[in-house]
Amino acid sequence: MKLVIVTGMSGAGKTVALKMLEDFGYYCVDNLPVQLIPKFAELTLNSEYTSGAALGTDIRSGGKLNDLKDVLAGLQNEKIEYEILYLDADDETLVKRYKSSRRAHPLSGNGSLEDGIREERKQLSFLRKQADYLIDTGGLLTKDLKKELAKIFVNREGYRNLFITVLSFGFMYGLPAEADLIFDVRFLPNPFYEESLRTKTGEAKEVSDYVFSNGAGDQFLTKLTDMILFLIPHYIAEGKTKLVIGIGCTGGQHRSVAVACELSKRLENIKDIGVKTEHRDADRNRRTV
């Protein structure tokens, strides 16, 4: 039976992840004292929990967290298999989550919330480097996180090193602040001027066919996909765990949606990445020429 050590930044979703693993059949314990981890591993090694066991450990262990290095080395010496799941999120996301929960950060003390987060990153850096699975929850919905955990710990489909969100949007509603890359597809045929297509979105086949009717869309997607394939290994090498690709047209209803859907299809089968599609403005009622 394999042991999963769930750790990471406070507010990144460790408790949620443990509950999900419990739903998957894992025996889960949170905030176990570092000194008891070897005993926990020993007791659960041959237990009836065939799926596995998971324990949560993080900055709440205080000064004893430094002892975890020796504990992990001891597990390796005893030939006890374990995997480290590290959950992370960007500082802005963590700040928002803490403010919404009205909880104090365990390391903030008399300082600011941001100071506590920075100190926590420093103290957990050794665990992040050793992690077998690193998931950035900043842009993930709960269902997306559960889907990723199921792939890793239930279906054993392999770990996605980079999670890509292809986001369609309308320039008339502003640029998406979360986008890492933005591409303008307003050069493609516009279904807005076809009365039969005006009220539909780019997810409809007839709208997509219209957008790609002159061949420019397919050429654009081929070149864009080639560029993304070039970038992916470099992003992963730099430790990037999520990438948001913005595809924009005027209103975010037709062209950007059609292109985003097709781009996602081309990226879905690439090894070591996860892909999801979001349409920010597709259902807005207000439309202008």
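When we follow this note's numbering, the leftmost residue of the sequence shown carries the number 1, and every step to the right adds one. Just so you know, even glycine gets a beta-carbon here, dropped at the ideal spot from N, CA and C.
The C-alpha of L181 is placed about 42 Å away from the C-alpha of D70. When DSSP states are grouped into helix, strand and coil, G25 belongs to the coil group. Look at V166 here: in three-state DSSP terms it is strand.
Counting only the Cα atoms, K143 lies some 27 Å from A237.
T44 is positioned such that its CB atom lies closer than 8 Å to that of L3. Around the beta carbon of A73, fewer than 16 other beta carbons lie within 10 angstroms, which makes this residue exposed.
Residue nearest to I164 within the set G52, I37, K242 and L263 is K242 (criterion: CA-CA distance). A straight line joining the alpha-carbon of Q35 with that of V275 spans about 39 Å. The residue among Q130, Y173, S108 and S264 with its C-alpha nearest the C-alpha of R284 is Y173. In terms of Cβ geometry, L113 and Y98 form a close pair [threshold 8 Å]. Minimum Cα-Cα distance from L127 among the listed residues L224, G170, D88 and T225 corresponds to D88. At least 8 Å separates the beta-carbon of G217 from that of V166. For E42, the enclosing alpha helix (DSSP H) stretches over residues I37 to T44. In this structure L162 touches Y235 by the C-beta definition: roughly 6 Å separates them, less than 8 Å.
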